Structure formats: C-alpha cells, structure tokens
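If you want my numbering, it's the position in the sequence shown, counting the first as 1, plus 635.
Below: one structure, written as structure tokens.
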Amino acid sequence: MGRVFVVQDKESALFLCPHYGDVSYTQWLDEAGRFDDEESAVETAHVHCTEGFRLTSFYEIKEL
636 MGRVFVVQDK
646 ESALFLCPHY
656 GDVSYTQWLD
666 EAGRFDDEES
676 AVETAHVHCT
686 EGFRLTSFYE
696 IKEL
C-alpha cells in the first residue's frame with residue numbers, strides 16, 4: 636500500500652492522465668495518473684491546469 640496523488644483541473648473537472656508519454660485528461664478517476672510525490676503532482680498541475688487544480692491524496696494497494 637502506498638500514498639498516491641491525483642490532480643483534477645478546476646475548470647473542466649477532468650483528471651490529468653498519461654497519454655503516450657504526454658499528459659491528457661480523463662473524466663474517470665480510475666484512469667487518472669498517479670503521482671508518487673506531492674511535488675511532481677503540483678509541478679505538473681501548474682503546467683496543465685491554467686485555472687487552478689485540486690490535489691487529492693489517498694492510499695492505494697500497489698499491484699505486483
């Protein structure tokens with residue numbers, strides 16, 4: 636189990652997600668990109684969420 640962070644754009648309410656080595660958006664939490672640390676989540680959010688963002692953290696069971 637590990638702590639992860641997800642980023643949600645305030646304007647569109649979409650979550651950031653990985654897409655072929657870049658960043659895209661999804662409406663589904665299970666497709667949202669997981670960040671291992673808060674700093675990288677915030678840095679990515681500042682680049683891709685121009686009208687603000689929500690950062691949520693939770694614990695998730697890591698798959699083997």
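Each residue gets a CB set at the ideal place from its N, CA and C atoms; glycine is no exception.
Note that the structure is predicted; figures quoted are calculated from it, not measured.
Item to check | Helix, strand or coil at T685 according to DSSP, with G and I counted as helix | outcome: T685 sits in coil when the DSSP states are folded into three classes, being neither helix nor strand.
Checklist entry - Between E674, T685 and C684, which lies nearest to S692 when the distance is taken from Cα to Cα? => result Selected option, being the one with the closest Cα: E674.
Next on the checklist: Quick check on the DSSP output: what are the complete alpha helix (DSSP H) runs of length 4 or more inside the region 643-687, in order along the chain?
Outcome noted: Taking only runs of at least 4 residues, the alpha helix (DSSP H) segments lying wholly in the region 643-687 are 673-683.
Checklist entry - What does a CB cutoff of less than 8 angstroms around F650 pick up in its chain, not counting 5 residues either side in sequence? => result Once the five neighbours on either side are set aside, the close Cβ partners of F650 are V641, V642, Q643, D644, Y660, T661, Q662, W663, L664, E666, A667 and G668.
Checklist entry - So, using beta-carbon positions, are R638 and E686 closer together than 9 angstroms? => result Contact check for R638 against E686 fails: the beta carbons are separated by 9 angstroms or more.
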